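Same order as they appear, the protein sequences are chains W and Z.
Taken in order, the first sequence gives residues 1 to 248; the numbers are from the numbering used here.
Taken in order, the second sequence gives residues 1 to 493; the numbers are from the numbering used here.
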Amino acid sequence: MFHLDGTTKRFAGRTALGPITLALPAGKTTVLIGPSGCGKSTLLRLLIGLIDPDSGAVRFDNMPVTSVTARAIRLRVGYVLQDGGLFPHLSARGNVALLVRHLGWPAPKVESRIAELAALARFPTDALDRYPQHLSGGQRQRVGLMRALMLDPDALLLDEPLGALDPLVRAELQDDLREIFRTLGKTVVLVTHDLGEAAFFADRIVLLKDGAIVQAGAPADLWHRPADPFVTRFIQAQRGPQIPAEAA
Amino acid sequence: MKRVALLLLLGLAGCSNRDPETPRVAIGAKKFTESYLLAEMGTSLSRRAGVEAERKDLGSTPTLWLALTQGDIDAYPEYTGTITRQILKDNPADLYAALAVHGIRMSKPFGFRNNYALGMRKDVSAGLGIAKISDLRRLPNLRFRFIDEFLDRPDGWPGLKLAYGLPQTDVKGMNHTLAYAGLVEKSLELTEVYTTDGEIAQHDLLVLEDDRGFFPAYEAVWLYRADLEARLPDVVAQLGRLEGKVTEREMQEMNNRVQVKKDKESDVAGEFLESKGMGRTKSTGDNLATRLGATTVEHLQLVIPSLLAAMLVSIPLGVFASRRLRFGQAVLATTGVLQTIPSLALLLFLMPLTKWLFGSGIGAPTAIAALFLYSLLPIVRNTYTGLTGIAPALRESAEALGLTRWAILWRVELPLAAPTILAGVKTAAVINIGTATLGGFIGAGGYGRPILRGIDKGDIPMMLEGAIPAALMAVVAEAAFGAVEKWIARRRG
Chain W
1 MFHLDGTTKR
11 FAGRTALGPI
21 TLALPAGKTT
31 VLIGPSGCGK
41 STLLRLLIGL
51 IDPDSGAVRF
61 DNMPVTSVTA
71 RAIRLRVGYV
81 LQDGGLFPHL
91 SARGNVALLV
101 RHLGWPAPKV
111 ESRIAELAAL
121 ARFPTDALDR
131 YPQHLSGGQR
141 QRVGLMRALM
151 LDPDALLLDE
161 PLGALDPLVR
171 AELQDDLREI
181 FRTLGKTVVL
191 VTHDLGEAAF
201 FADRIVLLKD
211 GAIVQAGAPA
221 DLWHRPADPF
231 VTRFIQAQRG
241 PQIPAEAA
Chain Z
1 MKRVALLLLL
11 GLAGCSNRDP
21 ETPRVAIGAK
31 KFTESYLLAE
41 MGTSLSRRAG
51 VEAERKDLGS
61 TPTLWLALTQ
71 GDIDAYPEYT
81 GTITRQILKD
91 NPADLYAALA
101 VHGIRMSKPF
111 GFRNNYALGM
121 RKDVSAGLGI
131 AKISDLRRLP
141 NLRFRFIDEF
151 LDRPDGWPGL
161 KLAYGLPQTD
171 VKGMNHTLAY
181 AGLVEKSLEL
191 TEVYTTDGEI
201 AQHDLLVLED
211 DRGFFPAYEA
221 VWLYRADLEA
231 RLPDVVAQLG
241 RLEGKVTERE
251 MQEMNNRVQV
261 KKDKESDVAG
271 EFLESKGMGR
281 TKSTGDNLAT
291 RLGATTVEHL
301 QLVIPSLLAA
311 MLVSIPLGVF
321 ASRRLRFGQA
331 VLATTGVLQT
341 IPSLALLLFL
351 MPLTKWLFGS
361 GIGAPTAIAA
371 LFLYSLLPIV
381 RNTYTGLTGI
391 APALRESAEA
401 LGLTRWAILW
411 RVELPLAAPT
421 ILAGVKTAAV
431 INIGTATLGG
441 FIGAGGYGRP
451 ILRGIDKGDI
461 PMMLEGAIPA
471 ALMAVVAEAA
481 FGAVEKWIAR
491 RRG
């Protein structure tokens with residue numbers, strides 16, 4: 001679905017990403033992971049033309065992503081940011097409907113689509129008229145997801161969607177999200193720095209470091225066949241709870 | 001909402017429309033009682049020629065001369081000394097011919113002179129041994145207070161100082177009415193007086209002898225446009241009826257009635273015309289409520305169009321400034337500079353421009369143009385601040401959604417910046433209501449008229465008649481915008 005071909009991106013003269021060659025397969029969930037500043041969010045932004053590459057190409061569905069095509073591509077790709085990226089001047093309903101109202105959908109069609117998505121995202125319909133600051137973090141994220149899915153896009157990009165949530169809400173939303181990804185069968189690209197979360201979602205994990213791919217493959221490959229000592233270090237750095245021994 | 005605003009505007013504009021069939025003349029008046037009285041007589045006489053006549057209260061000599069030559073007014077009372085020394089800056093053998101070059105004609109004198117002179121309290125001058133102007137050379141420490149115009153005019157202080165070699169340095173500008181009060185209270189020793197001022201007799205002042213004959217004669221005359229003769233000969237004939245009919249004593253008496261007894265100038269002028277058999281003017285039976293209603297409508301006619309026009313220009317300008325940072329700096333700097341131009345200078349500068357644009361250099365268009373310029377800065381600045389203050393993540397979120405640039409601006413950025421923009425509009429509105437009192441300088445009416453007239457006459461109730469409603473209007477505007485802000489904030493939780 002997405003192809004990067006020798007793509008590089010520099011910020012202030014410093015290479016932030018690439019050169020990278022990577023194909024993100026349709027209908028699969030790919031997780032981009034790596035330490036802060038590794039270029040994973042940059043990669044995600046390149047995919048829908050929020051930033052332009054300095055060299056190399058980005059293609060979506062065999063169409064080059066340029067400033068001319070970017071808008072058409074964005075209408076076919078949903079994008080979810082950390083904390084939802086909701087507009088504070090619009091209610092939950094207003095946020096979800098913003099784009100389709102601009103596109104001129106008739107009101108009944110908008111309403112039935114919102115009802116459908118609220119059920120899918122398990123968002124309470126009586127909270128649709130609340131403004132973002134009166135929603136919980138988890139609810140905001142669900143609204144962000146509904147907004148991204150409004151046009152039934154071919155692909156869904158998520159930039160650290162669960163980063164700001166407490167563990168219980170996070171676990172619940174992880175379950176719901178995976179369920180939704182499986183139901184819809186869309187191409188999903190998710191950015192996270194949490195290995196557990198990556199393994200939970202991924203058909204394929206791409207581990208990045210300093211703007212380059214260290215290893216790409218199934219989650220099991222990273223654990224059992226690390227390509228590099230960094231992969232091992234990265235995996236070991238993510239520690240689970242250490243249960244103190246009970247006093248005898 | 002928009003429709004209501006539009007209707008309100010149309011309604012306000014409608015109030016000033018008159019029957020276009022009847023010819024109209026405008027008689028200018030300077031900002032002092034005698035000029036008001038003579039202009040008032042001019043309008044009454046013009047009406048007898050079957051035209052609509054209106055008195056236009058304008059600022060000082062340069063404003064009136066400009067308004068007359070560019071056709072905003074048809075005639076105004078002037079003094080021969082002012083014509084030679086200040087307007088023409090020449091002493092031509094044939095004054096009529098010199099004026100004709102400018103398309104202006106001059107009537108025969110009304111019969112009285114209103115000369116410049118210097119006045120002092122009699123006890124003070126006796127104590128210092130002063131009787132004539134040359135005596136002043138011995139006393140360099142005297143405090144002189146003159147109106148600003150006198151300080152500038154070649155036939156005022158600069159020429160006088162030169163002609164007599166006067167050594168005084170404590171010479172400052174002061175309002176004429178206040179200078180009289182200061183003279184009486186001995187907080188100053190000397191001010192310029194006009195020989196027809198009612199106050200000279202009232203305070204029993206000494207008029208110093210002009211022993212070197214510096215001050216020219218100031219014969220009161222009409223200046224009128226040459227084309228008035230062709231267009232409305234009857235009006236010129238009616239105005240001419242004042243020639244040779246007003247004595248110095250009569251003028252002093254009329255000034256005294258307005259200035260000291262606070263009679264209305266239109267009544268005083270009307271009674272004078274009646275006593276000379278030049279017609280009857282019935283006292284306009286207005287009361288406080290109708291006057292307030294009229295000035296309020298006039299004031300709103302200045303404030304609302306200028307504010308709306310400023311919004312129409314400033315918001316797009318602010319948007320553009322937030323996109324192009326260098327352009328933005330230039331816009332903010334320019335609107336900032338506009339803010340510092342003194343209002344009278346701005347009005348004089350705008351007169352030819354509004355004449356060219358709207359066909360009238362005086363009245364509401366000029367005042368609205370000035371208010372428009374003063375309203376730009378707060379709105380541009382707040383639009384700019386509101387837009388540049390939006391979190392980058394929100395802008396990216398809108399872009400990623402697939403909205404067009406216009407849709408992002410219209411549906412996301414402007415609504416997010418709306419509270420800040422609204423605060424700018426509120427600031428502009430409040431400033432605008434206060435500044436609109438400058439309409440009084442340019443014949444645009446509004447609360448400025450009673451304020452300026454009140455200051456001029458030393459008539460405090462009249463001043464308050466403009467000052468209190470202006471303050472109230474500002475408070476109401478502040479509260480109304482505050483309510484809208486609260487409503488928006490509540491909607492957003």
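Backbone N, C-alpha and C define an ideal beta-carbon position, used for all residues, glycine too.
Note that this is a predicted model, so its numbers are computed, not measured.
For the candidate residues the options, whose alpha-carbon lies nearest to that of residue i?
i       : options                            : result
A444(Z) : K264(Z), A269(Z), E298(Z), W157(Z) : E298(Z)
W223(W) : K40(W), A199(W), P106(W)           : A199(W)
V100(W) : L401(Z), T385(Z), Y384(Z)          : L401(Z)
L228(Z) : T247(Z), K161(Z), R105(Z)          : R105(Z)
G386(Z) : E271(Z), L409(Z), G482(Z)          : L409(Z)
T334(Z) : L273(Z), Y374(Z), D456(Z)          : Y374(Z)
F327(Z) : M311(Z), G156(Z), Y384(Z), L414(Z) : Y384(Z)
D152(W) : F234(W), R225(W), R76(W), L22(W)   : R76(W)
A470(Z) : I451(Z), A309(Z), P233(Z)          : I451(Z)
V171(Z) : K186(Z), Y180(Z), I147(Z)          : I147(Z)
T84(Z)  : D155(Z), S397(Z), A398(Z)          : D155(Z)
L288(Z) : E465(Z), L190(Z), R225(Z)          : E465(Z)
Give every residue of the same chain whose Cβ lies closer than 8 Å to the Cβ of residue i, excluding the five residues on either side of it in the sequence, and list them in chain order.
i       : result
L237(Z) : The residue asked about is misnamed: residue 237(Z) is Ala in this sequence, not Leu. Closer than 8 Å at Cβ, skipping near neighbours: A49.
L35(Z)  : According to the sequence shown, residue 35(Z) is Ser rather than Leu. Only A29, Y76, P77 meet the Cβ criterion.
R18(Z)  : Note on R18(Z): pLDDT 44, under 50, position unreliable in the model; the coordinate value appears next. Within the same chain, R18(Z) has close Cβ partners R24, E52.
T366(Z) : L347, L350, M351, T354, S360, I442, A444
A115(W) : T125
For residue i, I'd like the list of residues in its chain whose CB is within less than 7 Å of its CB, leaving aside the five on either flank, ordered along the chain.
i       : result
A418(Z) : I488
A13(Z)  : Bear in mind that a pLDDT of 43 at A13(Z), under 50, signals an unreliable position, so the number given afterwards is only what the model happens to contain. Excluding positions up to five away in sequence, the list is empty.
Y79(Z)  : N114, Y218, E219, A220
L173(W) : G138, Q141, L162, L165
I368(Z) : L302, P305, S306
M1(Z)   : Because M1(Z) sits at a pLDDT of 44, beneath the cut-off of 50, its placement in the model cannot be relied upon, and the following sentence gives the value as read from the coordinates. None.
G482(Z) : none
For residue i versus residue j, is the C-beta spacing smaller than 8 Å?
i       : j       : result
S134(Z) : D211(Z) : yes
V110(W) : A118(W) : no
L205(Z) : L166(Z) : no
I20(W)  : I205(W) : no
D83(W)  : G138(W) : no
N382(Z) : A423(Z) : yes
V380(Z) : S275(Z) : no
L47(W)  : D159(W) : no
Y128(Z) : L118(Z) : It is Leu, not Tyr, that sits at residue 128(Z) in the sequence shown. Contact flag unset, no.
F32(Z)  : Y116(Z) : no
L88(Z)  : A97(Z)  : no
T8(W)   : S67(W)  : no
T187(W) : K40(W)  : no
A477(Z) : A429(Z) : yes
A202(W) : T42(W)  : no
L86(W)  : P35(W)  : no
V258(Z) : L37(Z)  : yes
Opposite residue i in the DSSP bridges: which residues?
i       : result
T29(W)  : V188(W)
Y194(Z) : Y116(Z)
M106(Z) : L223(Z)
G173(Z) : F146(Z)
S55(W)  : T8(W)
A155(W) : V77(W), T187(W)
Considering only residues of the same chain and omitting the five flanking positions on each side of residue i, which have a CB-CB separation below 6 Å?
i       : result
M174(Z) : R145
L188(Z) : R143, R145, G182
G363(Z) : G443, A444
G13(W)  : none
Is residue i close to the ligand FAD? I mean its beta-carbon at under 7 Å from any heavy atom of the ligand.
i       : result
R170(W) : This structure lacks the ligand FAD; in fact it carries no ligand of any kind.
* Asked: the stretch 385 to 407 of chain Z: which residues have C-beta closer than 8 Å to a C-beta of chain W, in chain order?
  -> For chain W, the residues of the stretch 385 to 407 of chain Z that bring a beta carbon within less than 8 Å of one of its beta carbons are A393, L394, E396, S397, A398, E399, A400, L401, G402, L403, T404, A407, in chain order.
* To do: Output, in sequence order along the chain, the residues in the stretch 81 to 93 of chain W whose CB is closer than 7 Å to any CB in chain Z.
  => Here the close residues are L81, G85, F87, P88, H89.
* **Positions along the stretch 96 to 115 of chain W whose CB lies within less than 8 Å of some CB in chain Z** => Within the stretch 96 to 115 of chain W, the residues whose Cβ lies closer than 8 Å to some Cβ of chain Z are L98, L99, H102, listed in chain order.
* Asked: What residues from the stretch 410 to 432 of chain Z come within 8 Å of chain W, judged by C-beta to C-beta, listed N to C?
  -> Against chain W - using a Cβ distance shorter than 8 Å - the residues of the stretch 410 to 432 of chain Z are R411, V412, P415, L416, A418.
* Taking a cut of 7 Å between CB atoms, which residues from the stretch 64 to 83 of chain W lie near chain Z? -> Within the stretch 64 to 83 of chain W, the qualifying residues are R71, R74, L75, Y79, L81.
* Could you list the residues in the stretch 31 to 64 of chain W with a C-beta less than 7 Å from some C-beta on chain Z, going in chain order? => Correct list: I48, L50.
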